[in-house]
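Undergrad: Here the sequence shown stands for residues 1 to 296, numbered as in UniProt numbering.
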Amino acid sequence: MLHLTKLIYKLNFISDSDNEPLMSANGLGLSTYCLRIELLKLVNRGIPDALRAEVWQLLSGCPVDESGLMDAYRILITKPCKHDEVIRRDLARTFPAHSFFRDKIGQESLFLVSRAYALYDEEVGYCQGLTFFAAVLLLHMPVEQAFTLLVQVNNNYGVREFFLNDFDGLHMRLYQLDRIIQDQLPDVAKHFSDLGLETHMFASQWFLTLFTAKFPLNVVFHIVDLFLTEGLIFIFKVSLALLQLARRDLLGLDFEGVLKHLRVTMPKKYLVHDANQELLSIALSAKVSFENKHLA
1 MLHLTKLIYK
11 LNFISDSDNE
21 PLMSANGLGL
31 STYCLRIELL
41 KLVNRGIPDA
51 LRAEVWQLLS
61 GCPVDESGLM
71 DAYRILITKP
81 CKHDEVIRRD
91 LARTFPAHSF
101 FRDKIGQESL
111 FLVSRAYALY
121 DEEVGYCQGL
131 TFFAAVLLLH
141 MPVEQAFTLL
151 VQVNNNYGVR
161 EFFLNDFDGL
171 HMRLYQLDRI
181 IQDQLPDVAK
191 HFSDLGLETH
201 MFASQWFLTL
211 FTAKFPLNVV
221 FHIVDLFLTE
231 GLIFIFKVSL
241 ALLQLARRDL
251 LGLDFEGVLK
261 HLRVTMPKKY
271 LVHDANQELL
281 SIALSAKVSF
291 ENKHLA
């Protein structure tokens, strides 16, 4: 609890100076529940980069003492891995424009996290989608912590199931998304159906990478903030918000045009701060829950 209190105190005083702190230094007596409510309010604003490593670990439920997984990581990186060649090949395709991953240190860090996870969870093994998320973690924390958080997210947020049994878990989630689109954006759903365009053709990458592959990092970081806060449901909410905001454009495009828009044109729109804020505001207010008939 003290760790959580100190973190909220730091978040309040690093936050935008135009906003009054949500909690003062004398808030040390608040219950853990109240502290978490304050933390969620701060997360909605956007976590300062300097604190993301600490906040992400706290939100994900990583224990303060991570020695068990860190010890496992140190052992795993000494073992041979059958995926080494594939991992090395994929490194060049993971954020190639980012200076950290053009550098040998960044590439080696990503290589080590990816192979350590493949060895740690042999049932999942190596999947490139996880590499993009691991890369985002490495932009905020050391290798051992990135590995620990990757394990925590995969195990506790339902991400691991995407990759099992020939992606059965992913297919189930995409089916659920398809039903939500039919329910909340029926004209978009009909247009896609008329074109013969299926949800998996554009949304598989969104789910497998948690939106980390194609979108600008400024919005990716905030999506991760909120994903770690709300859980997997937030990936559905962002998916729905993206389609809602692109609705007018999508309805005027053919099959190839829709795919190009969703994969190339639309992500570039979110280089602009105001567009990011609109997207996340709509996502946060989206009426989607796991009690929903499509997600139960």
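Ideal Cβ positions, reconstructed from N, Cα and C, are used throughout, including at glycine.
Determine the contact status of Leu110 and Leu91, defining contact as a CB-CB distance below 8 Å.
TA: For Leu110 and Leu91, yes; Cβs fall inside 8 Å.
Undergrad: Does the beta-carbon of Leu280 have 16 or more other beta-carbons within 10 angstroms, so that it is buried, or is it exposed?
TA: It counts as buried.
Undergrad: I'd like the list of long-range same chain contacts for Gly129, defined as Cβ closer than 7 Å, with 5 residues on each side in sequence excluded.
TA: The answer, listed in chain order, is Leu208, Thr209.
Undergrad: What number of angstroms, rounded off, separates the C-alpha of Phe236 from the C-alpha of Gly68?
TA: Near 32 Å, if we compare the C-alpha coordinates of Gly68 and Phe236.
Undergrad: State the DSSP-derived secondary structure class of His83, mapped to helix, strand or coil.
TA: In the structure shown, His83 sits in coil (DSSP, three-state: anything other than H, G, I, E or B).
Undergrad: Leaving out the 5 sequence neighbours to the left and right, which residues in its chain are closer than 6 Å to Ile47 when beta-carbon positions are compared?
TA: Excluding sequence neighbours, Ile47 sits near Val55, Asp225.
Undergrad: For the alpha helix (DSSP H) that Val288 lies in, which residues bound it at each end?
TA: Note, Val288: premise wrong, no alpha helix (DSSP H); not H, not E.
Undergrad: Note down, in chain order, each residue of its chain lying with its Cβ closer than 7 Å to the Cβ of Arg247, except the 5 sequence neighbours on either side.
TA: Same-chain partners within the cutoff: Leu185, Val188.
Undergrad: How about Leu240 and Ala275: are their beta carbons less than 8 Å apart?
TA: No, the pair does not count as a contact, with Cβ atoms beyond the cut-off.
Undergrad: Can you check whether the CB of Tyr120 is closer than 8 Å to the CB of Val86?
TA: Contact: no.
Undergrad: What would DSSP say about Val159, mapped onto helix, strand or coil?
TA: Coil, per DSSP.
Undergrad: Roughly how many angstroms lie between the CA atoms of Pro216 and Ala135, to the nearest whole one?
TA: Between Pro216 and Ala135, the C-alpha separation is close to 13 Å.
Undergrad: Just to confirm, is the Cβ distance from Thr265 to Leu59 under 8 Å?
TA: No, the pair does not count as a contact, with Cβ atoms beyond the cut-off.
Undergrad: Please report the distance separating the alpha-carbon of Thr78 from that of His98.
TA: Whole-angstrom Cα-Cα distance: 28 Å.
Undergrad: Please confirm whether Tyr73 has its beta-carbon closer than 8 Å to some beta-carbon of chain B.
TA: Note that chain B does not occur in the displayed structure, where there is just one protein chain.
Undergrad: Please report the distance separating the alpha-carbon of Asp168 from that of Leu174.
TA: If I take the Cα positions, the gap works out to 10 Å.
Undergrad: Taking the runs of the alpha helix (DSSP H) that are 4 residues or longer, which of them lie wholly in the stretch 91 to 130?
TA: Qualifying alpha helix (DSSP H) stretches, in chain order: 99 to 102, 104 to 120.
Undergrad: Nearest-angstrom Cα distance between Leu28 and Gln176?
TA: Any reading at Leu28 needs caution, since the residue's pLDDT is 41, under 50, leaving its predicted position unreliable; the model's value is listed next. Spanning the two alpha carbons is a distance of roughly 42 Å.
Undergrad: Looking at Glu278 and Leu245, is the spacing between their C-beta atoms short of 8 Å?
TA: Yes, the Cβ-Cβ distance between Leu245 and Glu278 is below 8 Å.
Undergrad: Just to confirm, is the Cβ distance from Ile180 to Val288 under 8 Å?
TA: A contact, by the Cβ cut-off of 8 Å.
Undergrad: Between the Cα of Asp183 and the Cα atoms of Leu243, Asp254, Ala118, which residue gives the shortest distance?
TA: Considering only alpha carbons, the answer is Leu243.
Undergrad: Using the three-state DSSP reduction, which class does Met172 fall into: helix, strand or coil?
TA: The answer is helix: DSSP assigns Met172 an H, G or I state.
Undergrad: Within this structure, are the beta carbons of Glu122 and Leu164 separated by less than 8 Å?
TA: No, these two residues do not count as a Cβ contact at 8 Å.
Undergrad: Within 10 Å of its beta-carbon, does Ser193 have 16 or more other beta-carbons around it, so buried, or fewer, so exposed?
TA: Flag for Ser193 reads exposed.
Undergrad: For Thr148, which residues in the same chain have their Cβ closer than 8 Å to its Cβ, ignoring the five residues on either side in sequence?
TA: For Thr148, where only same-chain residues beyond five positions count, the Cβ hits under 8 Å are Gln57, Cys62, Glu66, Leu69, Met70, Tyr73.
Undergrad: State yes or no: is the C-beta of Asp166 within less than 8 Å of the C-beta of Arg115?
TA: For Asp166 and Arg115, no; Cβs fall outside 8 Å.
Undergrad: Which of helix, strand or coil does DSSP assign to Asp254?
TA: Reduced to three states, the DSSP call for Asp254 is coil.
Undergrad: Could I get the ranges of all uninterrupted alpha helix (DSSP H) runs contained in the stretch 47 to 75, with 4 residues as the minimum, in chain order?
TA: Taking only runs of at least 4 residues, the alpha helix (DSSP H) segments lying wholly in the stretch 47 to 75 are 52 to 60.
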